[in-house]
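Single-structure report; data block below.
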Amino acid sequence: RERSAGFRHQLKSDDTKPIFDKVSNMKWLTAYREDIRQFTALSGKSATHQMLTQQGLWALMQYRMASAVYRSSLPETLKRFLLMFLIVWQKLIEVVTGIHLPYSAEIGEGLYIGHFSHVILSSDVVMGCNCQLSQGVTI
77 RERSAGFRHQ LKSDDTKPIF DKVSNMKWLT AYREDIRQFT ALSGKSATHQ
127 MLTQQGLWAL MQYRMASAVY RSSLPETLKR FLLMFLIVWQ KLIEVVTGIH
177 LPYSAEIGEG LYIGHFSHVI LSSDVVMGCN CQLSQGVTI
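Its first residue numbered 77, the sequence shown is counted upward by one per residue in this note's numbering.
Following this line, the structure appears as structure tokens:
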């Protein structure tokens, strides 16, 4: 683990480059596709089926899009305008699924959320690639 600003930690991958450095250079859609791949690999069902039925993927799509806007170099006025709508979407996802993934959290590709309800991440979370979360998790 490497100490960074405040109390945040970054896990390092095998090549000693911080994981988030890789994710931040990645397009949100590429990360979301890897999330879908993780769901399909673990369930054996099609990507379409997973996207329509898995609440974890609904929350991840919203997170990936909001996080991309939050980290973008868009003009501040446009960024705030877009985030306003994305935060409303986040609250809807939170009410429907019970999953809270704040856009300021740093989540690597390939996250699998096995069960909906009571999955809550702090805005300071830095999570590596290919992690799995189950219900009742607060980080």
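For each residue, glycine too, the CB sits at the ideal point set by N, CA and C.
Considering only L159, L209, S119, G204, the residue with the shortest C-alpha distance to E182 is G204.
A distance of 8 Å or more separates the beta carbons of L177 and C207. For K167, the enclosing alpha helix (DSSP H) starts and ends at 152 to 173. One Cα belongs to P151, the other to E170, and the distance between them is close to 28 Å. If you compare the alpha carbons of S199, K121, S193, G212 with that of Y139, the shortest gap goes to S199. Cβ atoms of I189 and V201 stay farther apart than 8 Å, at about 13 Å. Under the DSSP assignment, A135 falls in the alpha helix (DSSP H) whose first and last residues are 131 to 147.
Secondary structure note for Y108: its alpha helix (DSSP H) is the uninterrupted segment 104 to 119. For the 8 Å CB-CB criterion, S193 and G174 form a contact.
Rounded to the nearest whole angstrom, the C-alpha separation of Q126 and V172 is 17 Å. Between the alpha carbons of T129 and Y146 lies a gap of roughly 27 Å. Comparing C-alpha distances from H191 to each of G184, L159, L154, W134 shows the shortest one belongs to W134.
Taking the C-beta atoms as reference points, L162 is found no nearer than 8 Å to M137.
Secondary structure of H125 (DSSP, three-state): helix.
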